[in-house]
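The structure appears below as structure tokens.
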Amino acid sequence: MLQILLLDDDEVFLRKLRGRIREEMNHRGQEVIIDCFQTIPEVLNWLACSETLDLAFLDIDMGQEQTTGIDVAAAIREKYSGCGIVYLTAYLEFVTSVFETKPLYFITKNELDARLQKALDMFFREYSIGSRYILVQFGKTSKMISVSDIIYCEHNRRRTRIVTTHGEALTTKTISAIKEELPPERFASCHNSYLINLGQISSYDRMTVEMSNGDAIPISRAGRTELMEKLAVFFRDRFKE
12 MLQILLLDDD EVFLRKLRGR IREEMNHRGQ EVIIDCFQTI PEVLNWLACS ETLDLAFLDI
72 DMGQEQTTGI DVAAAIREKY SGCGIVYLTA YLEFVTSVFE TKPLYFITKN ELDARLQKAL
132 DMFFREYSIG SRYILVQFGK TSKMISVSDI IYCEHNRRRT RIVTTHGEAL TTKTISAIKE
192 ELPPERFASC HNSYLINLGQ ISSYDRMTVE MSNGDAIPIS RAGRTELMEK LAVFFRDRFK
252 E
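Structure (structure tokens):
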């Protein structure tokens, strides 16, 4: 059973969205609970008391309200780091200001019918990745790590440090060995000593990548090509027609 949240100040659009999501989920044989809200205070109150949330569709521009769907996304990220977030907007200029909330997809409202299926395809792809684990061993200690929790891996002095959203782990596995266990569309080697999760990038320039935990990762000349190619595909999949 998936828990889905919808936020939009347009009641007519909200009803349409709820109906279309139910249709798509029925076709996939997926049971869902869908909670709908038209104001931000309502959804924040619900969020404070909620126990789980898998997917959220958020209108960015909430009319006269001072806060936006981006603020709601930030609150969701704080409580449910693995929740898929799909932004609804009529104004593509909002797109450049939302990457810190790591959106899954964008839907312009006049393209709902064309884009909803793609958004759900993306969600289930990510949902599958989030369900994967890798086993890391160091000495006599073994630990299972969720793939979606990995921020980056750093190899140094025959050890690889795996930095996650919940802490760190050490392993004697090489970067190349770990890379073989991870989904190639999600991870990139920006440097021969580093392997980074594209979904955990906050910003980047020609020399460094800043990750979601604030750590700066160097980009080598050879690693830049792989990183740029994989980022292009990663973001294209979130905006493709």
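Following this note's numbering, the numbering of the sequence shown begins with 12 at its first residue and continues without gaps.
For every residue, glycine included, the Cβ atom is placed at its ideal position computed from N, Cα and C.
Just so we're clear, the structure is a prediction, and the values are computed from it rather than from any experiment.
{"query": "Residue burial classification, K254 (beta-carbon count within 10 angstroms, cutoff 16)", "result": "With the chain represented from 12 up to 252, any question about residue 254 goes unanswered, as that position is not in the structure."}
{"query": "Local conformation of Q49 per DSSP, three classes", "result": "coil"}
{"query": "Cβ-based neighbour list, Q148, same chain, cut-off 7 Å, excluding 5 preceding and 5 following", "result": "T182"}
{"query": "Residues near R264 by beta carbon distance below 6 Å, same chain, minus five either side", "result": "One cannot answer for residue 264 here, as it falls past the ends of the chain, which runs 12 to 252."}
{"query": "Inter-residue spacing [alpha-carbon to alpha-carbon] between L13 and E62", "result": "12 Å"}
{"query": "Close beta carbons around C201, own chain, < 8 Å, minus the five adjacent residues each side", "result": "I207, V220, I228, P229, I230, S231, G234, R235, E237, L238"}
{"query": "Backbone secondary structure at E137 - three-state DSSP", "result": "helix"}
{"query": "Environment of K151 [buried if 16+ CB atoms lie within 10 Å]", "result": "exposed"}
{"query": "Ordered list of alpha helix (DSSP H) runs contained in the region 13 to 65, each at least 4 residues", "result": "22 to 38, 51 to 60"}
{"query": "Under 8 Å between C-beta atoms of L146 and M133", "result": "no"}
{"query": "Option nearest A101 by Cα separation, candidates D70, I87, T185, I81", "result": "D70"}
{"query": "Rounded distance between the beta-carbons of I81 and L58, thought under 8 Å", "result": "With a Cβ gap of about 14 Å, L58 and I81 do not count as contacting."}
{"query": "CA-to-CA distance, A130 to R169, given in whole angstroms", "result": "41 Å"}
{"query": "Residue closest to S204, alpha-carbon to alpha-carbon, out of V174, N37, I186, D160", "result": "I186"}
{"query": "Spatially closest choice to I118 from H166, A67, S153, by CA coordinates", "result": "A67"}
{"query": "Exposure label - S159; buried when at least 16 CB within 10 Å", "result": "buried"}
{"query": "Spatially closest choice to G93 from M218, E42, G210, T78, by CA coordinates", "result": "G210"}
{"query": "Residue span of the alpha helix (DSSP H) that contains R168, given as start and end", "result": "It is not in any alpha helix (DSSP H) - R168 carries neither H nor E in the DSSP assignment."}
{"query": "Beta carbon of L17 nearer than 8 Å to that of R29", "result": "yes"}
{"query": "Three-way DSSP call (helix, strand, coil) for L123 in this model", "result": "helix"}
{"query": "R217, buried or exposed, once every other Cβ within 10 Å from all chains shown has been counted against 16", "result": "exposed"}
{"query": "Secondary structure of S214, DSSP reduced to three states", "result": "strand"}
{"query": "Per-residue burial, D19 [other beta carbons within 10 Å of its own, 16 or more giving buried]", "result": "buried"}
{"query": "Local conformation of Q128 per DSSP, three classes", "result": "helix"}
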